[in-house]
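Structure record follows, encoded as structure tokens.
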Ligand code: SF4
Ligand code: SF4
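Protein chains in written order, with the working numbering: chain A, 7 to 350; chain B, 19 to 176.
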């Protein structure tokens, strides 16, 4: 009895209990959020294609993805005979864990931030590179040629576009002078960064959105999955809950890309012109509103543009985005040096 | 300067595409193409060009305009039309004249190609828009298009 209470004391005193509780809350909230994003995507897709979308399960089809998730949970976990069992089972966790880890550093509103580290932006870029290892492992270990092709494409794509994401964020970091996300928002009290940095910031935002879409392997950059050529790409051989992990991770990644853009370009939880400064909890509303506008933009891309070929994808990155990005970085440095930023 | 004009052109075309889908998105609630079929069964209207089955319209005097020329029978690649005809005496001129007894149409063999409708010189047959064509017995797929007791409309000549 004594030892147990000692252990509880230890958990409480070191903050492990707090951490576990926060982790649980985050997990629940973002699992639900992921499901909701899937539903949103399907509805938005339907509207873009003049269809109706899911409208049978629950009121207006609101429980459609919950039903889908239940179905996936209850399904058998199949696998290939010659798969590398250990890596095959490990891969989905790599993907989902990295995307959940990335969520920890976002400041959702003034005091709602699980983990405020001073290298927030760097942490996010680093974590998002680990996710691709999961995809590579999954494709390689399932011993299926389509999965392997998908995984290799993912490697090519993510490693190329990582550069663009990194440099476009670096452009903004010149302006803020800090990698800490809460600090970045503090800087934006005198104008959102997309206003402060005007031309180079807008260019950086455009590049970030393109590269971010590519990072999440969404159409028009979905050669990793490319249903029409590869079956389902790297997760062809996955079923049930393991497939659901990949699927959920994709949607949470989309949320992360949009949330990071909100934080870095659009002032995070700050309200426009400070209209709701007296109500701190409105920060959460503004953060989510801005993020969902960007998520909608990504969905708009997805349901408008056709899929790129691999060579077109690499041309876009290495011949267009990267040089423009580098010039833009210098431009931003000059603007900050000459104090040409717009401060409200 | 091909490089920059490429970028300009590329962004332009992307925005054109997004404008099109954006318009669709806004109008989706009003103009969804999807038909909620079994629910709107009473109000569902098929398109003008939809080919359900071949029918022969009759007017209020139970008259059609089929002269029994058999052009549709010849045109059909599947032999889905059979015409049983006879010679009757025209009451006005007193001459013998060809007239249909039965215009038999096998829906089960029809591929909805439309050649018969095109071939008919007097537009006696046309497409109906009904689509719930399944039946429990295949003999029901054999249909006699001219109604019993009907006759050809006066003035319609071969
Ligand atoms: S539509 Fe074609 S197949 Fe059908 S009855 Fe006419 S000619 Fe024959
Ligand atoms: S339906 Fe038309 S083509 Fe066929 S027999 Fe009658 S008039 Fe001739």
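Every residue, glycine too, gets a C-beta built ideally from N, C-alpha and C.
Using a CB distance cut-off of 8 Å, residue 30/B does not count as an interface residue toward chain A. For residue 175/B, there is no enclosing beta strand (DSSP E), as DSSP gives it neither H nor E. For residue 57/A, at least one C-beta of chain B is nearer than 8 Å to its own C-beta. Legend: CB atoms of the stretch 261–284 of chain A lying less than 9 Å from CB atoms of chain B are not found in any residue. Shown here for residue 163/B: same chain residues with a beta carbon closer than 6 Å to its own, the five before and five after excluded, namely 74, 121 and 123 in chain order. Secondary structure of residue 270/A (DSSP, three-state): helix.
Put simply, the CB of residue 43/B is near chain A, with a gap under 8 Å to one of its CB atoms. Closest in alpha carbon position to residue 194/A, among 135/A, 217/A, 350/A and 50/A, is 350/A. Only residues of its own chain outside the window of five on either side were considered, and among them 174, 200, 267 and 271 have a CB closer than 8 Å to the CB of residue 211/A, listed in chain order. Bounds of the alpha helix (DSSP H) holding residue 202/A are 199–202. Following the DSSP letters along the chain, one finds residue 106/B inside the beta strand (DSSP E) bounded by residues 99–107.
Residue 235/A carries a helical assignment under DSSP once its states are collapsed to helix, strand and coil. For chain A, the residues of the stretch 44–73 of chain B that bring a beta carbon within less than 9 Å of one of its beta carbons are 44, 45, 46, 47, 49, 50, 51, 52 and 54, in chain order. Annotation: residue 173/B has no Cβ neighbours in chain A at a cutoff of 7 Å; minimum Cβ distance is about 47 Å. Taking a contact as a CB-CB distance under 8 Å, the pair residue 301/A and residue 255/A does not count as one, their CB atoms being some 15 Å apart. With a threshold of 7 Å, the Cβ atom of residue 86/B counts as near ligand 2, since some heavy atom of the ligand is closer than that.
Listed by position along chain B, the residues whose Cβ is nearer than 7 Å to that of residue 310/A are 35, 36 and 39. Counting along the chain, residue 163/A sits inside the alpha helix (DSSP H) bounded by residues 151–182.
By the Cβ neighbour-count rule, residue 21/B is exposed, with fewer than 16 other Cβ atoms within 10 Å of its own.
Looking from the CA of residue 88/B, the closest CA among 81/B, 147/B, 143/B and 129/B belongs to 143/B.
Comparing alpha carbon positions, the residue from 226/A, 251/A and 262/A closest to residue 78/A is 251/A.
Looking at 111/B, 86/B and 161/B, the one whose alpha-carbon comes closest to that of residue 125/B is 161/B. Separation of the CB atoms of residue 307/A and residue 226/A is rounded to 7 Å, and the pair is thereby assigned contact status at 8 Å.
At the C-beta level, residue 260/A and residue 224/A come within 8 Å of one another.
Look at residue 309/A here: in three-state DSSP terms it is coil, with no helix or strand label.
Note on residue 27/B: under 16 other CB atoms within 10 angstroms of its CB, so exposed under the neighbour-count rule.
In this structure, the beta-carbon distance from residue 186/A to residue 230/A does not fall below 8 Å.
A straight-line Cα-Cα distance of about 25 Å links residue 318/A and residue 150/A. Annotated three-state conformation of residue 230/A is helix, per DSSP. Interface annotation for the stretch 315–332 of chain A against chain B: 326, criterion Cβ-Cβ distance under 7 Å. With a cut-off of 7 Å, the C-beta of residue 133/B is classified as near ligand 1, since at least one heavy atom of the ligand falls inside that distance. Residue contact with chain B for residue 227/A: absent (no Cβ-Cβ distance below 8 Å to any residue of chain B).
Put simply, the stretch 137–152 of chain B touches the stretch 82–100 of chain B. At least three CB pairs are less than 8 Å apart. Between the alpha carbons of residue 75/A and residue 131/B lies a gap of roughly 45 Å. Taking a beta-carbon distance threshold of 8 Å, residue 129/A does not count as an interface residue toward chain B.
Each of 160/A, 214/A, 196/A and 332/A was checked against the Cα of residue 315/A, and the nearest Cα belongs to 160/A.
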